[in-house]
Every structure is written in structure tokens, then in C-alpha cells.
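This report refers to the structure that appears directly beneath it.
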Amino acid sequence: MNKPVPNIIDGRHVAALIREEVRQDVHDWVNSGNRAPKLQVVLVGGNQASKVYVGAKTRACEEVGILSETLMLPDTTSEKILKEHIAKYNDDPTIDGILVQLPLPAHMTPLAVIESIDHRKDVDGFHPMNVGRLTIGQPCYRSCTPAGIMELLKYYSLSAKSKDVVVVGASNIVGSPAAIMLSRENDEGKATTTLCHKYTRDLTRHTIGADILIVAAGVPGLITGQMVKEGAVVIDVGMNRVADPSVDRGYRLVGDCDYDSVAEKASWITPVPGGVGPMTVAMLMKNTLLAAKKAVYP
Ligand code: NAD
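In the working numbering, the protein residues as written are 28 to 325.
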């Protein structure tokens with residue numbers, strides 16, 4: 028008997044549609060006499076993955092007509108100096124969005140840095156003001172990766188309403204906001220949501236019941252087919268570099284799911300790469316345009 032083939036949730040395709048929509052909106056916005064939106068990016072240190080992410084974000088800006096500038100600071104920069112730059116950007120009326128690429132060097136306190144960004148320019152949606160407003164269903168900038176997951180579910184008509192959703196990984200930037208978005212009664216979520224993390228006693232007991240399983244733990248191969256319900260929708264957020272001498276760059280990207288065994292059970296699945304990753308950047312473009320239009324905080 029042939030193995031069942033899951034439907035692929037194509038993040039590259041959906042992200043391209045969103046970027047095109049933003050490009051058109053930016054074009055109309057500028058044609059109506061407004062200045063082009065501007066994103067200020069700050070990169071501290073030489074983290075290779077961060078450089079790749081920042082490159083992808085600034086290329087996307089260029090594609091959709093958003094201006095962007097990247098300030099590169101050395102690893103040794105003090106938190107005080109970084110905050111001085113942020114304060115300057117907060118006060119600059121030509122800058123709509125500010126993005127400080129994470130992770131920051133170990134001597135810095137990420138939350139203190141994020142809190143120093145004006146929440147009205149926090150297009151990453153990490154500021155406690157935005158997270159708090161998300162929690163109570165108020166307009167806010169929504170963290171780009173979970174917002175991208177919500178867009179994927181919407182695009183493929185995979186409604187979470189009344190479903191059992193399990194989120195594995197409870198970080199402030201992916202798992203927790205994803206669980207909040209999915210569990211809100213008055214928003215598009217409306218799911219019964221379980222949030223698992225490294226202290227969860229028996230992960231399979233939870234994952235096996237999930238109609239929609241979202242995995243954002245940063246552990247390659249954490250979820251295997253045996254942990255997944257037949258017909259589940261599986262969103263693999265993980266982006267892990269594993270060494271692979273057979274490719275030029277020396278590594279390949281894998282998710283948190285053991286793709287082959289999970290694909291045998293899932294009705295829908297995101298590939299890695301090409302699933303959630305491109306959506307994060309597309310949602311950042313959307314948030315930056317919202318910031319320019321002062322659509323969230325008039
Ligand atoms: P994080 O390290 O901040 O948090 C990981 C979470 O997973 C924690 O809540 C931890 O308790 C939980 N966890 C770890 N091991 C676990 C285990 N064995 N069982 C259950 N839970 C476990 O990670 P993060 O920043 O949320 O990122 C998670 C993954 O998503 C990483 O691979 C990251 O690269 C990827 N990511 C992808 C995108 C994207 O755009 N696709 C964006 C952000 C993060």
C-alpha cells in the first residue's frame with residue numbers, strides 16, 4: 028500500500044503573496060503623498076545566523092518598498108550605548124519600526140533592551156506593552172512568527188476553532204504568543220490550547236491528542252510520528268542547524284519534527300525550510316507598514 032502523503036503548507040508561497048500585498052499597499056501609501064515606511068535594524072555582534080536573518084529582512088524591505096537601515100555594533104557594546112541608539116530612534120519621526128535582532132551578547136539583558144524601544148515602534152511585537160495587549164485582545168503589534176502561523180492556518184482554511192491545539196515550546200517570542208493567539212475566544216483562535224515546555228512530564232500524552240500541533244522547541248527530531256495523531260495539522264517552527272559536510276556551507280536546516288515519520292501521520296505539514304520561516308519576515312513587513320500608517324497606535 029502507498030504511504031499517505033500529507034498536504035504541504037507552503038510558507039514561501041503564502042509569504043510571497045503577503046509581501047506582494049504589502050508592496051502594493053506601500054506603493055499606494057507613497058502615491059498618496061506619504062513618505063515611505065522605514066525600518067531601523069540593530070545588529071549587535073557577529074552571530075552568523077543573526078546576520079542571515081537581518082539580510083533576509085532588509086532584502087524583503089527593499090522588495091516591498093520599505094526603507095531600511097542597519098546599525099552594526101560590536102559584541103563589546105555596552106547596554107547603555109545600545110539604549111542610547113534606541114532612544115535616538117524612538118525620537119526620530121522618520122523611523123516607523125525598530126528591530127533589535129536577538130540574541131544579544133550575554134552581558135546584556137534582552138528584556139531591558141526591548142523595553143527601551145517605544146512600544147509604538149516595536150514591530151517585532153516583543154515589548155511587554157504589546158504582549159500584554161495581545162493577552163487581553165487589544166490592538167497591538169503581534170510577534171511575527173506566531174502571527175505568520177495564524178496566517179498560514181487562515182490561508183489553508185485550517186480553522187483552529189474548537190480544536191485541540193498543542194504548542195510545544197513556551198518562549199516569549201514564539202510558543203507563548205502562539206498559544207495566546209490560538210486560545211483567545213474573541214479572536215481568530217478559539218482553540219482549546221495546551222502549552223508544553225521542557226518541564227512537561229509526558230510530552231506524548233499531550234501531543235497525541237492534538238488536532239493542530241505547533242512545535243517550537245529548538246530540538247531537532249523532538250517530535251516523531253508516534254507522538255502525532257493520525258490526520259493532525261503539524262506546524263514545525265524549529266530551525267536548527269545540523270552539521271552536514273556534504274553541502275558547501277557545512278550544515279543543513281532541520282525542524283523539530285522527524286519529518287518522514289511525522290509526515291506519515293499528518294494531514295498537513297510545514298516543511299523546514301520553506302514553512303514558517305518566510306512568514307516571519309513577511310509579517311515584519313506587514314507590521315512595519317502598520318507602524319508607518321499609525322494603524323495600531325494612532
Ligand atoms: P527558546 O529556546 O527560547 O525556547 C524553547 C522552548 O522549548 C522553551 O519553552 C523550552 O522549555 C521548550 N523545550 C525545550 N526542550 C524541550 C523538550 N525536550 N520538550 C518540550 N519542550 C522543550 O526557543 P525559540 O526562540 O522559541 O525557538 C524555538 C525554535 O524555533 C528554534 O529552533 C528557533 O530557531 C526556531 N524559530 C524559528 C523562527 C522562524 O521564523 N521560523 C522564529 C523564531 C524561532
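Don't be surprised by glycine CBs; every beta carbon is placed ideally from N, CA and C.
Can you tell me which of the three DSSP states residue i falls into?
{"i": "L249", "result": "coil"}
{"i": "L179", "result": "helix"}
{"i": "A63", "result": "coil"}
{"i": "A139", "result": "helix"}
{"i": "D275", "result": "coil"}
{"i": "A76", "result": "helix"}
{"i": "T172", "result": "helix"}
{"i": "T162", "result": "helix"}
{"i": "S198", "result": "coil"}
{"i": "M99", "result": "strand"}
{"i": "R228", "result": "coil"}
{"i": "N157", "result": "helix"}
{"i": "A322", "result": "coil"}
Determine, using beta carbons only, whether residue i and residue j come nearer to each other than 7 Å.
{"i": "L94", "j": "A63", "result": "yes"}
{"i": "V193", "j": "T172", "result": "no"}
{"i": "K65", "j": "V308", "result": "no"}
{"i": "V261", "j": "V281", "result": "no"}
{"i": "A237", "j": "D191", "result": "yes"}
{"i": "A218", "j": "L230", "result": "no"}
{"i": "A87", "j": "M312", "result": "yes"}
{"i": "G252", "j": "K292", "result": "yes"}
{"i": "V79", "j": "G175", "result": "no"}
{"i": "I163", "j": "F153", "result": "no"}
{"i": "T221", "j": "H233", "result": "yes"}
{"i": "V41", "j": "L179", "result": "yes"}
{"i": "L161", "j": "I207", "result": "yes"}
Since residue i and residue j should fall inside the 8 Å C-beta cutoff, what is the C-beta to C-beta distance between them, to a whole number of angstroms?
{"i": "P204", "j": "V158", "result": "7 Å"}
{"i": "I250", "j": "D283", "result": "6 Å"}
{"i": "I241", "j": "V264", "result": "7 Å"}
{"i": "A187", "j": "I239", "result": "6 Å"}
Among the residues of its own chain, which have a CB less than 6 Å from the CB of residue i, if the five just before and after it don't count?
{"i": "I113", "result": "S143 and I144"}
{"i": "A270", "result": "Y278"}
{"i": "R39", "result": "G301 and P305"}
Excluding sequence positions up to five away, which residues of its chain have a Cβ less than 8 Å from the Cβ of residue i?
{"i": "M156", "result": "H146, D149 and C167"}
{"i": "L98", "result": "Q67, V68, V69, L70 and H112"}
{"i": "V57", "result": "A63 and G92"}
Going along the chain, which residues of its own chain have a beta-carbon closer than 7 Å to the beta-carbon of residue i, five neighbours each way excluded?
{"i": "S77", "result": "L70 and Q128"}
{"i": "T315", "result": "P64, L66, I93, D123, G124 and V150"}
{"i": "I35", "result": "I296 and P298"}
{"i": "Q165", "result": "none"}
{"i": "V19", "result": "Lying before the first or after the last residue shown, residue 19 is absent from the chain, which here runs from 28 to 325."}
As a quick check of your reading: which residues have a C-beta less than 6 Å from at least one non-hydrogen atom of the ligand FMN, in chain order?
The ligand content of the structure shown is limited to the ligand NAD, which means the ligand FMN is not among them.
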